[in-house]
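Residue numbers (the numbering used here): 258 to 628.
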């Protein structure tokens, strides 16, 4: 799901971490060097064996204080302190539940973008906390998929914005992590194909009813092409993907989709249905009217069938449950199991769940351990 918040809030948070200037101590136990995940024959491979991603979008530690819905990597220490013990405990719980991958959002302002308004800002403490989190995951055999440029201002997805983003954020972050083992790869941007922050009519950049949407798609393909080129100058080894809101955005519109497909080593996209309510906006241009599992099967199948044979990952998938939601606990377990089986039957490389539920156990259940 897109994670939009007030930009001013993040500038204030980033200023706090700069003022503190505290760099956490190194992890007590060194993380193991996890084997590199590679692509071969259209599949993700761990050595000579296919690697199925069984993942969770790790947005915050369990038991996070109210008002702290996201990982700030210590930047909001006054209200949302960095709790390494809680993260370590979560990684142990996720490992026990069969998770082998966490997807983590790296906020643009926290990891360098704040320097645009405060030249004295340093992201050292945030990077150190990120190292601790990666080490914690790796000790449990869990890979990390960082999402770059989270909360990036989407009205600046142009060449001037690219130059600043590369200088303030991309270069320092990628240089810091380029030698890390235990990264699955880089997710270059979250849902660049959703243009609604610019114009609600371009919720899907393939909305041909409005010429602006095509312009947004082309501009963003230009931005992502430049971003990828710069990343590859620093890190030529880690895999790349782009977490598209819609699977079809890798081939539509024709002026942008295929260019995005050329940038990635594996495709990734997000699947939600008509719950929560806001997801209903997807229906206007993307859903094929078949519901689950038909829509999910078709989305994966269209990517598998592309000429550039690459693995396909469903990097966000989930369903709200409980009071006010369409699903109760039984329906949640049913539809998550159906989604995972559909992904497997359709040739996908795995799924990464979105945490609509408050605890890992309520989210995952026996999904990854019972099959």
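Built from N, CA and C at the ideal position, the CB exists for glycine as well.
Can you tell which of 493, 504 and 437 has the C-alpha that lies nearest to the C-alpha of residue 289? The residue you call residue 289 lines up with position 32 of the chain shown. With distances taken between Cα atoms, residue 289 lies closest to 437.
Alpha carbon to alpha carbon, how far is residue 555 from residue 597? Along the chain shown, read from residue 1 onward, the residue named residue 555 stands at position 298. Along the chain shown, read from residue 1 onward, the residue named residue 597 stands at position 340. Computed Cα separation, rounded: 14 Å.
Measuring straight from C-alpha to C-alpha, what distance separates residue 564 and residue 522? As a first step, residue 564 must be located in the chain shown, where it is residue number 307. As a first step, residue 522 must be located in the chain shown, where it is residue number 265. Whole-angstrom Cα-Cα distance: 13 Å.
What does the Cβ neighbour count give for residue 614, buried or exposed, with the cut at 16 atoms within 10 Å? For the purposes of this step, residue 614 is identified with residue 357 of the chain shown, where counting begins at 1. It counts as buried.
Where residue 446 falls: helix, strand or coil (DSSP): Taking the first residue of the chain shown as position 1, residue 446 is located at position 189. Looking at residue 446 - three-state DSSP - the assignment turns out to be strand.
Between the region 402-416 and the region 472-479, can you find at least three pairs of beta-carbon atoms closer than 8 Å? yes
Residue 461 versus residue 513: straight-line alpha-carbon distance, rounded: Here the question's residue 461 lines up with position 204 in the chain shown. Here the question's residue 513 lines up with position 256 in the chain shown. Straight-line Cα distance between these residues: approximately 13 Å.
Quick check: the region 355-371 against the region 329-344, are at least 3 beta-carbon pairs closer than 8 Å? yes
Using a 10 Å radius around the Cβ and a threshold of 16 neighbouring Cβ atoms, would you call residue 447 buried or exposed? Translated into positions along the chain shown, residue 447 becomes position 190. Flag for residue 447 reads buried.
Limits of the unbroken alpha helix (DSSP H) element including residue 367: Taking the chain shown and counting its residues from 1, one reaches residue 367 at position 110. That residue, residue 367, is in no alpha helix (DSSP H); it is neither H nor E in DSSP.
Using 10 angstroms around the beta-carbon of residue 336, count the other beta-carbons present and answer buried if the total reaches 16, otherwise exposed. Your numbering for residue 336 matches position 79 in the chain shown. Exposed.
Residue range of the alpha helix (DSSP H) that residue 526 falls in? Counting from 1 along the chain shown, the entry for residue 526 is found at position 269. First-last for residue 526: 524-528, but that is the beta strand (DSSP E), not the alpha helix (DSSP H).
Quick check on residue 250: does DSSP put it in helix, strand or coil? In the structure displayed, the chain extends from 258 to 628; residue 250 sits before or after that span and is not available.
With a Cβ-Cβ cutoff of 8 Å, do residue 574 and residue 507 count as a contact? Along the chain shown, one-based indexing puts residue 574 at 317. Along the chain shown, one-based indexing puts residue 507 at 250. Contact flag unset, no.
Other residues of its chain near residue 409: CB distance less than 7 Å, five sequence neighbours each side excluded: The sequence position of residue 409 within the chain shown is 152, counting from 1. Closer than 7 Å at Cβ, skipping near neighbours: 365 and 422.
Does the beta-carbon distance from residue 398 to residue 357 come in below 8 Å? Locating residue 398 in the chain shown gives position 141, counting from the first residue. Locating residue 357 in the chain shown gives position 100, counting from the first residue. A contact, by the Cβ cut-off of 8 Å.
Short of 8 Å in beta carbon distance, which residues of its chain neighbour residue 302, apart from the five on each side in sequence? Order them along the chain. Walking along the chain shown from the start, residue 302 turns up at place 45. Result list for residue 302: 294, 295, 296 and 308, in chain order.
Run of the beta strand (DSSP E) containing residue 311, from where it starts to where it stops: Along the chain shown, read from residue 1 onward, the residue named residue 311 stands at position 54. That run of the beta strand (DSSP E) goes 310-314.
My output table needs one value for residue 584: the three-state DSSP class, helix, strand or coil. One-based indexing of the chain shown puts residue 584 at position 327. Here residue 584 sits in coil by DSSP.
Whole-angstrom C-beta distance between residue 551 and residue 525, which should lie under 8 Å: Taking the first residue of the chain shown as position 1, residue 525 is located at position 268. Taking the first residue of the chain shown as position 1, residue 551 is located at position 294. That belief does not hold up - the Cβ atoms of residue 525 and residue 551 are roughly 20 Å apart, past 8 Å.
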